[in-house]
Amino acid sequence: MEDSFGTPIEVGDYVLSAASSTSFFKLGIVYAAASGRLMMEVTQSNWHRASKRSEVGSNVLVLRKADGTVPAHVVGAVTV
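Per my numbering, the very first residue in the sequence shown carries number 13; after that it's consecutive.
Encoded structure:
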């Protein structure tokens, strides 16, 4: 599975998953379910009743890889 910019999504990655139709977002860490599907442990959301575990959706962005590196499309978007 890849994020919206083509970065492979792997276990341990820190990701942003968002729904453009509802403005609902989730931040979390990717893990593999027993079935092999990629899921995310939600660390933050803008909806207080959001589930603490969720399937990784189609609108997703890898913010930080499991090894601590940051994908180029994220680094390029940050301005100081």
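Using N, Cα and C, we set each Cβ at its ideal position, and we do this for glycine too.
When Ser70, Arg76, Val87 and Val82 are compared, the shortest CA-CA separation from Ser33 is found for Ser70.
Per DSSP, reduced to three states, the secondary structure at Val27 is strand. Ala78 and Gly24 have their alpha carbons spaced roughly 5 Å apart. Secondary-structure assignment with DSSP links Val72 through a beta bridge to Ser29. A residue is called buried when at least 16 other Cβ atoms come within 10 angstroms of its Cβ; Ser29 meets this threshold and is buried. Sorting His85, Thr19, Thr81 and Val74 by C-alpha distance to the C-alpha of Leu39 places Val74 at the top.
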